[in-house]
Amino acid sequence: MPVKIRLARHGRKRYAYYHIVVADSRAPRDGRYIERIGSYNPNTNPATIDLNNDKALQWLANGAQPTDTARAILSYKGVMMKKHLLEGVKKGAFDEAEAEVRFQKWLEEKEAKIQAKKDELAGIKAMSAKERLEQEAKVNAERAEKIAKRDAALAAEAKAAAAPAEEAPAEEAAEEATASEEVSEEAPSTEDQAPEEPKAE
């Protein structure tokens with residue numbers, strides 16, 4: 000029975016995640032499988048991979064053939080490197096201790112690269128957040144300036160509208176005062192006029 004290590008799709012539309020399974024190559028993609036050895040979620044950055052390395056290595060040693068995507072995942076997690084080193088031990092190129100030392104060194108370098116990528120992504124995210132805050136502060140300052148100008152213009156208009164209303168009563172009072180003075184000048188005083196003598200009957 001030809002056995003493959005491949006991905007089985009799960010999840011909703013446009014948000015898929017995958018189970019890494021060992022299955023008969025004649026079985027449907029999302030159908031029956033022999034064993035599930037991990038999961039792969041490409042929706043995160045970097046992608047989240049949960050893999051049982053020992054099981055994957057055992058199936059590779061038993062002759063299971065990974066698909067291209069599964070091979071890339073196994074290589075990323077170091078399973079293919081471990082298989083390569085074990086084949087070197089079988090051929091007598093070096094012993095198991097040397098193979099383990101080489102594998103640990105490779106694993107440390109890989110983890111350092113992954114951590115560097117995570118740090119870079121975190122830095123980019125922090126920088127973008129800082130830029131967004133700066134842009135928001137700039138927009139808020141411009142908005143506050145526009146509001147201040149509008150309030151100043153409205154206050155000036157209100158002051159200009161109130162000034163003529165205050166001047167009008169004063170002018171009316173002055174006009175009334177001048178009119179009363181003119182009337183008083185034109186009217187003869189009762190004291191200057193002599194009293195009329197009574198007519199003789």
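Under numbering that gives the first Met the number 0, the sequence shown has 46 at position 47, and the numbering climbs by one with no breaks. We put the beta carbon where it would ideally sit given N, CA and C, even for glycine. Owing to the predicted nature of the structure, the values given are computational and were not obtained by experimental measurement.
Check                                                                                                                       : Outcome
Residue 56 and residue 88 closer than 7 Å at C-beta                                                                         : no
Anticipated Cβ contact below 8 Å, residue 35 with residue 9, distance rounded                                               : About 11 Å separates the two Cβ atoms, so there is no contact after all.
Which listed residue (48, 125 and 75) has its alpha carbon closest to that of residue 109                                   : 75
Neighbourhood of residue 5 by C-beta, 6 Å cutoff - its chain only, sequence neighbours within 5 removed                     : 66 and 69
Distance between beta carbons of residue 64 and residue 3, contact taken as under 8 Å                                       : 5 Å
Whole-angstrom distance between residue 42 and residue 31, CA atom to CA atom                                               : 25 Å
Beta-ladder partner(s) of residue 21, from DSSP                                                                             : 4 and 34
Residue 13 in three-state terms, based on DSSP                                                                              : coil
Boundaries of the alpha helix (DSSP H) in which residue 53 is found, first to last residue                                  : 52-60
Status (buried if at least 16 other CB within 10 Å, exposed otherwise) for residue 154                                      : exposed
DSSP three-state assignment for residue 200, whether helix, strand or coil                                                  : Because the pLDDT at residue 200 is just 49, under 50, the model does not fix this residue reliably, and the point stays unresolved.
Assigned exposure category for residue 73 - 16 Cβ within 10 Å defines buried                                                : buried
Status (buried if at least 16 other CB within 10 Å, exposed otherwise) for residue 39                                       : buried
Expected contact under 8 Å - CB spacing of residue 7 and residue 23 to nearest Å                                            : Not confirmed; about 12 Å, so no contact.
Neighbourhood of residue 14 by C-beta distance below 7 Å, restricted to the same chain and skipping five residues each side : 42
Residue 84 to residue 128 span [Cα, whole Å]                                                                                : 45 Å
Check whether residue 20 and residue 58 have beta carbons under 7 Å apart                                                   : no
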